[in-house]
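Read the structure below first, then the notes.
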């Protein structure tokens, strides 16, 4: 994985404005209204026809440029203004557009991606904003668009880094930007079938078939439907049926593999790429079956990608077109590949995964990590366990591939969704137009076989492709199902079950959760879910769409320790399942945090070297105490630091609270005393919660304005200088909340309170201390504590202050195999930059096995990473995926550290494992930032019911690959 090199101006822009990237001046409502108006405007988004001259000037059509120019439409002023204010480009015409402006590299290629997205929307919405403007004569000329497209792509290929770091995006651009090549028509088929289903509801069944699993026999089905329903067809629908049948006949014409010969000459007959293609064409001419042809095609895709970096710009043009043409031919041929045995389906998964690598949906290094494990060529039999591993790998390719699409286009889709909901279908359209469609179906077929053979199968209502569900954390829940594409802005409830596109970083208590993107196994959200027995699973985008029909209904949701997922309507629950919740009420014990051992007399700022594991819950929280212990054991790998003990917080809370006749501490206790009185008097829980949360908000706001005691401020500045070596404000630091109510034996509390990144100015550091003190009284933090602790009001925050380490990459180490791993394995997840993995980013994850194997669980798919400037604050920089984050040396050092950590904890009578460690690398040096116990929910893991939905299987049982499906 490499950082994209961009200008200093671009870095500053990204650091200031990443996320929205442009100031929102025009509201989405106004944009939506304008789009509706453009649809009925004869000129759409365009103003008038002009000549665009090479010198940048524009002249009316009756005049001429001094040198030959391009005649095309100009944009309406509102469209031009929208581009400037919002960075949204509507109705883009390519001819005469500046290449750099269109590539828009400084905004992560936003304008290029918007062009691709708008093409999709136009294809499914009868031209979209050009519904009438497509008849506006002279608005743009196909020959000019093609000529511009060819010149632009040649220019883009001169940027070597663009091709190497953004291969997938560049290849997609060759699909979407006109440059005198044939275009695949699968999108036209889907668009026409959708339009017909909208006007003729009875066509919906056929439309779903064509959309999901298109095949040649659909042509006759469409013809039969047209004849049967002739009486209700008008001239417009009659014409659309003719177009659909014509496009389908073109789509399902036999794949003409010999058409690849046309690429030999432009590639170069004597080049390595040309020779490789000629060899493959020779093999294709002898191939008898669809399977043989597709395997050769997948090899052509992979070899073509490998040849592109060293090719000349002219050859690169042909190689990218060859790549897209090859995938098109594979897509056409795939319906003819029939599988009947286990060997067939394993071979198909292997070949289509190779094709996915060749097409850029996964990176070459990722393919090389999994290739041998997926290849069934030399095998005659496999154990059930090995089959499950093969399924997990193939399913991983599908997930990583959809992650690649999301990483590239997710931001622009989200931007457009604000004013045009049709944009949400873009990523799905890419998937269904690619080899990923058939790979997903094939993976599902293998999953069904394994489930049937082993008796392990998901039971998720009656939806299709259930094998794409994969349990992450065991548990069971009952509640209303909420299905939302995004968790942003959604107020969650502790008694509901949520299905999201991706997990939020700051999740409040919920009954259950499932996401399309799991983030990573060891993020704070995942650790909380695992600790508290909250059922948690990952599913496909198609699964999410299928679940929407059950949204709003009460359901039962269970995930077993082996990853089996069950969802059903609550009204269909068995007596045993209903009884679970009575049992749960009886055995579910809340934890009381002991406060008797608190030493509130320690009112001086301490050095990190002055605390150790024994200080936890006494002088300070476990973060500082355990990091102090790590400093003792690994002095060269832990920074110096300061600790602000519980006693300093409590002393400040004894000051009188402004506007009150009592201290801050008395105000807090009075609020909880009143809540207790309300509960005893029969007041309902919602009213009590509202009262408490209102009081906590008052307290939180007061703490933020609380004056520092003069002796503390002086002591802090002195200790900052003596321990950290600089004056307060001249060294950026992290301020980490560290309470007595986290990292407990049975409650992790991971990520519930505030950590401030990279604070540099003295005033901001001091205000940050107050922010951290106030954070345990936030609604989210209190609700989690309230759900699982008996005395959530007795929270005491200490603060860990450590200097910033602007790591190259950082992550989490769990000293056991999480999920499918062995207890003796290690599980790690790393993101580029600081803090991404713990916040739930799609991180690079591994099982480091006891055998020595470093098994890749998932590569990173985060388009941005956190950077920590010396001036303070955080910035965002773009990242790419063509190389792994962790190198071999890093992986070896993590293994070595884990071994030493276990030994030294034992020697020093430290906490029991397994451990959850936050760590990072800067210039390949390992830095340690936190260690705590890794806590799992024993009730969920040992539930008899959850074991019953995943019957015990013999993982060593051998299955012949000749077994029929």
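In the numbering used here, the protein residues as written are 1 to 965. From the three backbone atoms N, C-alpha and C, an ideal C-beta is built for every residue, glycine too.
Taking only the alpha-carbon atoms, compute the straight-line gap between residue 815 and residue 579 and give it to the nearest angstrom. As a position in the chain shown, residue 815 is number 815, starting the count at 1. As a position in the chain shown, residue 579 is number 579, starting the count at 1. Roughly 35 Å separates the two Cα atoms.
Quick one: what does DSSP say residue 341 is sitting in, helix, strand or coil? Position 341 of the chain shown, counted from the first residue, corresponds to residue 341. Strand.
In this structure, how does DSSP classify residue 5 when only helix, strand and coil are distinguished? The residue given as residue 5 occupies position 5 in the chain shown. With a pLDDT of 38 at residue 5, under the threshold of 50, the modelled position of that residue is not reliable, and no figure is offered here.
Once you ignore the five residues that flank residue 121 on each side, which residues in its own chain have a CB closer than 7 Å to its CB? Against the chain shown, residue 121 aligns to sequence position 121. For residue 121, where only same-chain residues beyond five positions count, the Cβ hits under 7 Å are 128, 420, 422 and 423.
Would you call the CB atoms of residue 647 and residue 599 closer than 8 Å? Translated into positions along the chain shown, residue 647 becomes position 647. Translated into positions along the chain shown, residue 599 becomes position 599. Their beta carbons are under 8 Å apart, which means residue 647 touches residue 599 by this criterion.
Tell me, which residues are paired with residue 354 by DSSP? Working through the chain shown from its first residue, we reach residue 354 at position 354. For residue 354, which the question treats as bridged, DSSP gives no partner whatsoever.
Just mark residue 831 as buried or exposed, buried being the case when its beta carbon has 16 or more other beta carbons within 10 Å. In the chain shown, counting from the first residue as 1, residue 831 sits at position 831. By the neighbour-count rule (16 or more Cβ atoms within 10 Å), residue 831 is buried.
Answer yes or no: do residue 370 and residue 342 have a C-beta to C-beta separation smaller than 8 Å? To locate residue 370, count along the chain shown from 1; it is residue 370. To locate residue 342, count along the chain shown from 1; it is residue 342. Against a cut-off of 8 Å, the Cβ pair of residue 342 and residue 370 comes out as no contact.
Near residue 920, what residues of its chain come up, given a Cβ to Cβ distance below 6 Å and the 5 sequence neighbours on each side ignored? As a working mapping, residue 920 is identified with position 920 in the chain shown. 807, 810 and 927, listed in sequence order.
Got a sec, what are the start and stop residues for the beta strand (DSSP E) residue 554 sits in? Locating residue 554 in the chain shown gives position 554, where the first residue counts as 1. Looking at the DSSP string, the run of the beta strand (DSSP E) that includes residue 554 is 554-559.
Going by CA-CA distance only, name the one from 951, 891, 882 and 869 that's closest to residue 853. The sequence position of residue 853 within the chain shown is 853, counting from 1. That would be 891, whose Cα lies nearest to the Cα of residue 853.
What residue range does the beta strand (DSSP E) around residue 86 cover? Along the chain shown, read from residue 1 onward, the residue named residue 86 stands at position 86. Premise fails: residue 86 lies in the alpha helix (DSSP H), 77-86, not in any beta strand (DSSP E).
From the DSSP output, in three-state form, read off residue 587 for me. Translated into positions along the chain shown, residue 587 becomes position 587. At residue 587, the pLDDT of 44 sits below 50, so the modelled position is not reliable and the matter cannot be decided from this model.
Taking residue 50 as part of the beta strand (DSSP E), name the residues at either end of that continuous run. For the purposes of this step, residue 50 is identified with residue 50 of the chain shown, where counting begins at 1. Counting along the chain, the beta strand (DSSP E) containing residue 50 begins and ends at 46-52.
DSSP-derived helix/strand/coil call for residue 461: Against the chain shown, residue 461 aligns to sequence position 461. It is coil, neither helix nor strand.
The stretch 619-627 / the stretch 796-806 touching (three or more Cβ pairs under 8 Å): yes
Do you know how far the Cα of residue 690 is from the Cα of residue 959? Translated into positions along the chain shown, residue 959 becomes position 959. Translated into positions along the chain shown, residue 690 becomes position 690. Whole-angstrom Cα-Cα distance: 59 Å.
Is the stretch 455-462 touching the stretch 563-571 in the sense that three or more CB pairs, one from each, lie closer than 8 Å? yes
Quick one: what does DSSP say residue 498 is sitting in, helix, strand or coil? Looking up residue 498 in the chain shown gives position 498. It is a strand residue.
Can you grab the Cα-Cα spacing for the pair residue 215 / residue 482, in whole Å? As a first step, residue 215 must be located in the chain shown, where it is residue number 215. As a first step, residue 482 must be located in the chain shown, where it is residue number 482. Roughly 34 Å between the two C-alpha positions.
Less than 8 Å between the C-beta atoms of residue 731 and residue 772, yes or no? What you label residue 731 is simply residue 731 of the chain shown in a count that begins at 1. What you label residue 772 is simply residue 772 of the chain shown in a count that begins at 1. No, they are not a contact pair.
Secondary structure at residue 717, three-state DSSP: helix, strand or coil? The residue you call residue 717 lines up with position 717 of the chain shown. Correct three-state label for residue 717: helix.
Proximity below 8 Å, CB of residue 294 to CB of residue 337: Start at 1 with the first residue of the chain shown, and residue 294 comes out as number 294. Start at 1 with the first residue of the chain shown, and residue 337 comes out as number 337. The answer is yes: Cβ separation under 8 Å.
Would you call the stretch 531-551 and the stretch 468-487 touching, i.e. three or more CB-CB distances under 8 Å? yes
Please work out which residues of its chain come closer than 6 Å, Cβ to Cβ, to residue 762, disregarding the five sequence neighbours upstream and downstream, and give them in chain order. Along the chain shown, read from residue 1 onward, the residue named residue 762 stands at position 762. So the qualifying residues of the chain are 728 and 729.
On a CA-only basis, which of 297, 510 and 59 is nearest residue 490? Give me that one, please. Position 490 of the chain shown, counting from 1, holds the residue named residue 490. Comparing Cα-Cα distances from residue 490 to each of 297, 510 and 59, the minimum goes to 510.
Within 8 Å, strictly: CB atoms of residue 425 and residue 167: As a first step, residue 425 must be located in the chain shown, where it is residue number 425. As a first step, residue 167 must be located in the chain shown, where it is residue number 167. Result no, Cβ atoms of residue 425 and residue 167 do not sit closer than 8 Å.
Would you report the Cα separation of residue 416 and residue 84, rounded to the nearest angstrom? As a first step, residue 416 is located in the chain shown; it is residue number 416 there, counting from the start. As a first step, residue 84 is located in the chain shown; it is residue number 84 there, counting from the start. Residue 416 and residue 84: Cα-Cα distance of roughly 16 Å.
Whole angstroms are fine: how far does the CA of residue 871 sit from the CA of residue 358? Residue 358 sits at position 358 when you count from the first residue of the chain shown. Residue 871 sits at position 871 when you count from the first residue of the chain shown. Roughly 42 Å between the two C-alpha positions.
Excluding five sequence neighbours on each side, which residues of the same chain lie with their C-beta closer than 6 Å to the C-beta of residue 756? Locating residue 756 in the chain shown gives position 756, where the first residue counts as 1. Excluding residues within five positions, the ones whose Cβ falls inside 6 Å are 735 and 768.
Cα separation between residue 514 and residue 569? Counted from its first residue, the chain shown places residue 514 at position 514. Counted from its first residue, the chain shown places residue 569 at position 569. If you take the alpha carbons of residue 514 and residue 569, they lie about 16 Å apart.
Whole-number beta carbon distance between residue 961 and residue 380, since they are thought to touch under 8 Å: Reading the chain shown from its first residue, position 380 is the one you call residue 380. Reading the chain shown from its first residue, position 961 is the one you call residue 961. Yes, they are in contact, since the Cβ atoms of residue 380 and residue 961 sit about 6 Å apart, within 8 Å.
Taking DSSP as the reference, what is the three-state secondary structure of residue 809? Residue numbering aside, residue 809 sits at position 809 when the chain shown is read from its first letter. DSSP places residue 809 in strand when its eight states are reduced to three.
Spatially closest choice to residue 232 from 221, 201, 252 and 151, by CA coordinates: To locate residue 232, count along the chain shown from 1; it is residue 232. Taking only the C-alpha atoms, the option nearest residue 232 is 201.
For a test of the three-state rule: what should DSSP assign to residue 381, helix, strand or coil? Here residue 381 refers to the residue found at position 381 of the chain shown. Reduced to three states, the DSSP call for residue 381 is strand.
Are the CB atoms of residue 46 and residue 91 nearer to each other than 8 Å? Within the chain shown, the letter at position 46 stands for residue 46. Within the chain shown, the letter at position 91 stands for residue 91. Yes, these two residues count as a Cβ contact at 8 Å.
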